[in-house]
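Asker:
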Amino acid sequence: MPELPEVETVRRGLMRIAAGRQINGIDVLYGKTITNDVEEFRQALIGQTITDIDRRGKYLLFRFTNQLTMVSHLRMEGSYFNQPTGGEVDKHTHVIFHFTDQTDLCYRDTRKFGRMTLVKTGTENEVGGLKTIGPEPTEQDFKLDYFIDILKHSRGKIKPFLLNQSHVAGLGNIYCDEVLWMAKINPEQPANFLSDTQASILRKSIISEIKRATKLHGTTVHTFKNAFGNAGEFQNELQAYGHAGEPCPRCGTTMIKIKVAQRGTTYCPQCQPLRGQDD
DNA sequence: CAGTGCCCCTGAGAGC
DNA sequence: TGCTCTCAGGGGCACT
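Each number in my numbering comes from the position in the first sequence (counting from 1) with 988 added on.
Here is the structure:
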């Protein structure tokens, strides 16, 4: 499930296999992947060249000549890879961009959740979740004052709060469990019960964890592969996610798994106790 | 407006 | 063996 570090890894791969290439044909094998009219999408892009690939949160932004931007979200299992034109096409490949250099950029997505939307460059912030997306989880963009302020105004649980991309961009289920474990915060803690100290520690954990995971090319669980078909290395670094029933690396207590807002959630009941407002 | 819950999808794995 | 059921989950959307 690509989260920010995985999407950034994909972006870097795409810069090498797609940037600078000119499109001379597009096959759309599963129409729902494209939210535009499929024929208009194809006609608008044929003849265009990919000039750059940017990222905002978990969204990829393919920049084309002719002032066009394709917003691509991988959701659960979307992936890109390249191969020589005419290569084999499996049943989960839904979109193929043919380049003039006789290579293809293929989009594969087993669960068909991923979406692509073509818009005029400059209007991409009106597409889906980009309308309300929060700051990037970096030292410069994700300010402590801002974080403390939005926490105080939310009575919901901290885990779904962090999964909400309008609060801070890029966190998914895996990194949420990791940063809450690092910061010793219970996933069901109401957001407005966090102390300023906890908020500060949590913010630091988010920034450092995303940075560290990006450096290690993301986490490979299930099927995530980067644009070169390689796995990330960060799965070896996970402390909480996927470790239910095992001893907490910090205190040895058995980690437990519960459901929070429909999401599987692993945490240490000893290190991450539920606290009241005055604790 | 904030929060909740359903839905989109398929494959893996469990249970019978 | 083979069927059915459950689970995995990001984000859009309807609803409270």
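Here a beta-carbon is modelled for each residue, glycine too, at the ideal position from N, C-alpha and C.
In the DSSP assignment, find the unbroken alpha helix (DSSP H) run with Ser1188 in it and report its ends.
Answerer: Mapped onto the first sequence, residue 1188 falls at position 200. Its alpha helix (DSSP H) spans residues 1184-1203.
Asker: Consult DSSP for Cys1256 and reduce its assignment to one of helix, strand or coil.
Answerer: Your numbering for residue 1256 matches position 268 in the first sequence. Reduced to three states, the DSSP call for Cys1256 is coil.
Asker: Please report the residue range of the alpha helix (DSSP H) in which Val1107 lies.
Answerer: In the first sequence, counting from the first residue as 1, residue 1107 sits at position 119. No alpha helix (DSSP H) holds Val1107; the beta strand (DSSP E) holding it covers 1103-1108.
Asker: What is the rounded straight-line gap between the Cα of Pro1237 and the Cα of Phe1069?
Answerer: As a first step, residue 1237 is located in the first sequence; it is residue number 249 there, counting from the start. As a first step, residue 1069 is located in the first sequence; it is residue number 81 there, counting from the start. Pro1237 and Phe1069: Cα-Cα distance of roughly 36 Å.
Asker: Where does Val995 sit, in a helix, a strand or coil, going by DSSP?
Answerer: Residue mapping note: residue 995 aligns to position 7 of the first sequence, counting from 1. DSSP places Val995 in helix when its eight states are reduced to three.
Asker: Is it buried or exposed, His1351, if we count other Cβ atoms within 10 angstroms and call 16 or more buried?
Answerer: With the chain represented from 989 up to 1267, any question about residue 1351 goes unanswered, as that position is not in the structure.
Asker: Quick check for students: name the residue ranges of the beta strand (DSSP E) that lie wholly in the segment 1028-1098, counting only runs of 3 or more.
Answerer: Qualifying beta strand (DSSP E) stretches, in chain order: 1038-1044, 1047-1052, 1056-1061, 1066-1072, 1081-1087, 1091-1097.
Asker: Tell me the DSSP secondary structure of Pro966 in three-state form.
Answerer: A question about residue 966 goes unanswered here, because the residues of the chain that appear run from 989 up to 1267.
Asker: DSSP state of Arg1251, grouped into three classes?
Answerer: Position 263 of the first sequence holds residue 1251. Of the three classes helix, strand and coil, the one that applies to Arg1251 here is strand, per DSSP.
Asker: Which residue comes first and which comes last in the beta strand (DSSP E) that contains Ile1014?
Answerer: Reading the first sequence from its first residue, position 26 is the one you call residue 1014. Ile1014 -> beta strand (DSSP E) spans 1011-1016.
Asker: Please report the Cβ distance between Ile1194 and Leu1159, rounded to the nearest whole angstrom; I am assuming they are in contact, meaning their Cβ atoms lie under 8 Å.
Answerer: Taking the first sequence and counting its residues from 1, the one referred to as residue 1194 is at position 206. Taking the first sequence and counting its residues from 1, the one referred to as residue 1159 is at position 171. Rounded, the Cβ-Cβ distance is 7 Å, consistent with contact.
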